[in-house]
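The opening residue of the sequence shown carries number 2 in the numbering used here; numbering runs sequentially from there.
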Amino acid sequence: MNKKILIGIAGILTAIIAFSPLFGVHRAAHADVAGLATTCKAAMLLDANTGTVVFEKNTKQHLQIASMVKIMTLGLAFDEIARREISLDTTVTASENAASMGGSQAFLDANADYRLDELLKSIVVASANDSCVAVAEYLYGSVDAFVAAMNERATEMGLTDTKFVNCTGLPREGQYSCAADVAVMFKNLMAHEKFYDYAKVWMYDFEHPGGRVTGLTNTNKLIRFYDGCDGGKTGYTDEARSCITVTAKRGDTRLICVAIGAENSKTRNKEVSEMLNYGFANYKTIYALQKGEVLGEYGVENGKTESITAVAEEDCTAFVKCGEKSDVALQLNIDTLSAPLAAGQKVGTVTVLINGKEYGTVNAVAKNGCEKKGYKDILDDFINEW
2 MNKKILIGIA GILTAIIAFS PLFGVHRAAH ADVAGLATTC KAAMLLDANT
52 GTVVFEKNTK QHLQIASMVK IMTLGLAFDE IARREISLDT TVTASENAAS
102 MGGSQAFLDA NADYRLDELL KSIVVASAND SCVAVAEYLY GSVDAFVAAM
152 NERATEMGLT DTKFVNCTGL PREGQYSCAA DVAVMFKNLM AHEKFYDYAK
202 VWMYDFEHPG GRVTGLTNTN KLIRFYDGCD GGKTGYTDEA RSCITVTAKR
252 GDTRLICVAI GAENSKTRNK EVSEMLNYGF ANYKTIYALQ KGEVLGEYGV
302 ENGKTESITA VAEEDCTAFV KCGEKSDVAL QLNIDTLSAP LAAGQKVGTV
352 TVLINGKEYG TVNAVAKNGC EKKGYKDILD DFINEW
């Protein structure tokens, strides 16, 4: 069967005007909204699914980000735990070095054993510096090796305006990042479901091996006081001032908001809430294509069955401005299909076009498998056609 191309009007969505380096996607038409983030040194509001930037201010400026450094610390830790298939029940021994950390901490006992799960939870909830060091030493043998891996990961992610010198965000010369890079780091962290489990915890008791208990409270107050906020990471030092990155979801729309250098947490939370309010009031997410959506039936050469059903491998969402309309088309490209085919095997692509411009591409996969005809099948076909 020759390659087929089907172009059809799929619905009414909004035109997104330009492409952005962030996540390789789009920038909204008006990203410099007056009245937002007036006191922060830098800020950014974007759609979590497509990376479409709604608002930006000094997003590439090199700044201290305080404990938002832990976004990369956590992201790298979760990535390595998944890659190495490390159990969260693994025991981690807190070193003298880890227990000596100042600032926000879980007050670990030196040479005491803690579950990896509890250490990660204390980092997300209470920004525990001692737990950061304990996890870094466990995963890489030393903090220096872990920080080197953080910088390597930053390079892999294309973060050209970020440099790490520690894993905690405690003041150190030569450490910096920017709002755009923080958004990318946070997007990576959000890919780990366990992060949300921890991030939604408001208060809990951190239990030490000897029976001592440390009460920890979430440093991100917006999870309790902003509708839809279910994750974030805060930071504060005298130089960085008050910083935060959060995500909030309402309906199908999930936003990421970054604020760096606010004067205090009250002002920071107010300006982040205003940015999120603007985003939810003016934009929405529409599914141009949903995972498992049927794309059509396509013939298969030499197959025991004559055709397979092609479906979308994953969702394709469009982030659109409320009230504006634009045409969307689906361009379906199915390969020449020949048995055998396995269920889930790629059989082509679906490209989403908005106003004639490519918006995104999703794989088309076989919903059902198709075995290759054997000699008996060929003989049966011959007899039936005789």
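The beta carbon of each residue, even a glycine, is placed where N, CA and C say it ideally should be.
Whole-angstrom C-beta distance between residue j and residue i, which should lie under 8 Å
i: L64; j: A241; result: 7 Å
i: A95; j: D131; result: 7 Å
i: A49; j: E272; result: Between E272 and A49 the Cβ distance is about 19 Å, and since that is not below 8 Å, they are no contact.
i: V134; j: L121; result: Incorrect: roughly 13 Å between the Cβ atoms, too far for contact.
Cα-Cα separation, residue i to residue j
i: G233; j: D253; result: 19 Å
i: E157; j: V70; result: 17 Å
i: N98; j: G361; result: 47 Å
i: Y279; j: G293; result: 32 Å
i: G103; j: K188; result: 28 Å
i: T286; j: T318; result: 6 Å
i: A192; j: E298; result: 33 Å
i: C168; j: L140; result: 13 Å
i: E119; j: F207; result: 8 Å
i: A282; j: V34; result: 13 Å
i: E57; j: I124; result: 28 Å
i: A83; j: E194; result: 12 Å
i: C394; j: F226; result: Given a span of 2 to 387 for the chain in the structure shown, any question on residue 394 remains unanswerable.
i: G175; j: T163; result: 10 Å
i: L354; j: A289; result: 10 Å
i: G170; j: D114; result: 24 Å
i: N369; j: T51; result: 29 Å
i: P210; j: K326; result: 60 Å
i: F79; j: F196; result: 9 Å
i: L333; j: E307; result: 20 Å
i: V351; j: E138; result: 45 Å
i: T74; j: V144; result: 11 Å
i: V166; j: T218; result: 27 Å
i: T53; j: V295; result: 27 Å
i: A313; j: A343; result: 15 Å
Beta-carbon contacts of residue i that lie in its chain and below 6 Å, excluding the five residues immediately before and after
i: K358; result: none
i: G345; result: V366
i: Y237; result: A67 and S243
i: C230; result: L223, I224, V247 and A249
i: N112; result: none
i: P22; result: Unreliable placement is indicated for P22, whose pLDDT of 39 sits below 50; the coordinate value is still reported in the next sentence. Excluding sequence neighbours, P22 sits near nothing in its chain.
8 Å Cβ shell around residue i - same chain, five flanking residues per side excluded
i: D228; result: A249 and R251
i: A340; result: V301, E302, N303, G304, K305, C371, E372, K373 and K374
i: D239; result: P172
i: K201; result: I224, D231 and G232
i: R116; result: L89, D90, T91, T92 and V93
i: E315; result: K292, V363 and N364
i: Y177; result: H63, L64, Q65, I66, D162, T163 and K164
Which of helix, strand or coil DSSP assigns to residue i
i: L37; result: coil
i: A137; result: helix
i: S339; result: strand
i: Y288; result: strand
i: R269; result: helix
i: G232; result: strand
i: M69; result: helix
i: T74; result: helix
i: R173; result: coil
i: T254; result: strand
i: I87; result: coil
i: Y205; result: strand
i: Y115; result: strand
i: A344; result: coil
i: K373; result: strand
i: L331; result: strand
i: M45; result: strand
i: E302; result: strand
i: T227; result: Checking the sequence, you will find Tyr at residue 227 rather than Thr. DSSP places Y227 in coil when its eight states are reduced to three.
i: E57; result: strand
i: A260; result: strand
i: N364; result: strand
i: F389; result: Look at the range of the chain in this structure, 2 to 387, and you will see that residue 389 is not part of it.
Exposed unless 16 or more other CB atoms sit within 10 angstroms - verdict on residue i
i: L89; result: exposed
i: R255; result: buried
i: S128; result: buried
i: R28; result: buried
i: R269; result: buried
i: M204; result: exposed
i: V411; result: With the chain covering 2 to 387 only, the question about residue 411 has no answer from this structure.
i: V26; result: In this prediction, V26 scores a pLDDT of 49, lower than 50, which makes its location untrustworthy; the coordinate-derived value is nonetheless stated afterwards. Counting Cβ neighbours within 10 Å, V26 comes out buried, since at least 16 surround it.
i: N265; result: exposed
Chain-order list of residues whose beta-carbon lies under 7 Å from that of residue i (same chain, five-residue window excluded)
i: G76; result: M186, N189 and L190
i: T60; result: A43, M45, C179, A180 and A181
i: L380; result: Here L380 scores only 48 on pLDDT, less than 50, and its place in the model should not be relied on; the value that follows carries that caveat. No residues qualify anywhere along the chain.
i: A150; result: L77 and Y141
i: E275; result: L37
i: A100; result: L109, D110, A111 and D131
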